[in-house]
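A.B. asks: One structure is given below, represented as structure tokens, and several questions about it will come after.
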Amino acid sequence: MTLIVDAAPLVALGDARDPAHEPVLHTLRSEPGDLVVPAPVSAEVDYLLRRRGGSLAARSFIQDVAAGRFRVEGLTRAEHGLIAELDERYDDLAVGLADLSVVVLAGRFGTRRVLTFDERDFRTLTPLTGGSFMLLPADA
């Protein structure tokens, strides 16, 4: 079972002082499947961790990726085209590339499970397969 991971939980994971650190850690430790991070999300995580926790926090995330704890997945040209279509469809939300890459990779991996704190957007966005997303840790 695959879990697509958004940026904010990874930033919380990188900061032990963050109130969401422990819930994220618990969710990740109990997850039996692959933890997939879209490439645009990984860039956002690096940027946010460097601003918030410095290079050590960002490096820790990069080391986690290198160790295989997270699987960073790039997007194909066709998936970028799909993101452009979704961006137009959800223009009023102004969600952007990172969040829409979560939607597209959830479709690629056939999952609706997303680790995110962004309930406003992900309760509105529709999975490519229909239905609704299961948002962790909120829906656990």
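Numbering-wise (the working numbering), the sequence shown opens with residue 1141 and increments by one. Backbone N, C-alpha and C fix where the C-beta goes; we use that ideal spot for every residue, glycine too. It should be emphasised that the depicted structure is a prediction, and the values quoted were computed from it without experimental measurement.
Helix, strand or coil, according to DSSP, for Arg1253 in the structure here?
C.D. replies: In the structure shown, Arg1253 sits in a strand (DSSP, three-state: E or B).
A.B. asks: Rounded to whole angstroms, what is the Cα-Cα separation between Ala1206 and Val1212?
C.D. replies: Distance between the alpha carbons of Ala1206 and Val1212: 10 angstroms.
A.B. asks: For Val1145, which residues does DSSP report across the bridge?
C.D. replies: Leu1255
A.B. asks: Provide the residue span of the alpha helix (DSSP H) that contains Arg1211, from first to last.
C.D. replies: Not the alpha helix (DSSP H): Arg1211 falls in the beta strand (DSSP E), residues Arg1211 to Glu1213.
A.B. asks: Evaluate contact between the segment 1264-1271 and the segment 1243-1256, counting only Cβ atoms and requiring at least three cross-stretch pairs below 8 angstroms.
C.D. replies: yes
A.B. asks: Leaving out the 5 sequence neighbours to the left and right, which residues in its chain are closer than 6 angstroms to Met1141 when beta-carbon positions are compared?
C.D. replies: Gly1173
A.B. asks: Please return the same chain residues whose Cβ sits closer than 6 angstroms to the Cβ of Phe1257, not counting the five positions on each side in sequence.
C.D. replies: Ala1148
A.B. asks: CA-CA distance, Val1242 and Phe1273?
C.D. replies: 11 angstroms
A.B. asks: Would you mind listing the beta strand (DSSP E) stretches within the segment 1151-1178 that are 3+ residues and don't spill past its ends, in chain order?
C.D. replies: 1175-1178
A.B. asks: Can you give the Cα-Cα distance for Tyr1230 and Ala1224, rounded to whole angstroms?
C.D. replies: 10 angstroms
A.B. asks: Less than 7 angstroms between C-beta atoms, sequence neighbours within five positions excluded: which residues of the same chain meet that for Val1151?
C.D. replies: Closer than 7 angstroms at Cβ, skipping near neighbours: Val1185, Leu1188, Leu1189 and Arg1192.
A.B. asks: Quick check on Thr1216: buried or exposed, where buried means 16 or more other Cβ atoms within 10 Å of its Cβ?
C.D. replies: exposed
A.B. asks: Give the DSSP bridge partners of Leu1245, in chain order.
C.D. replies: Leu1245 is not bridged to any residue.
A.B. asks: Return yes when the Cβ of Asp1239 is within less than 9 angstroms of the Cβ of Asp1281, no when it is not.
C.D. replies: It is not possible to answer for residue 1281, since the shown part of the chain is limited to 1141 through 1280.
A.B. asks: May I ask you to report which of helix, strand or coil DSSP gives Leu1276?
C.D. replies: Reduced to three states, the DSSP call for Leu1276 is strand.
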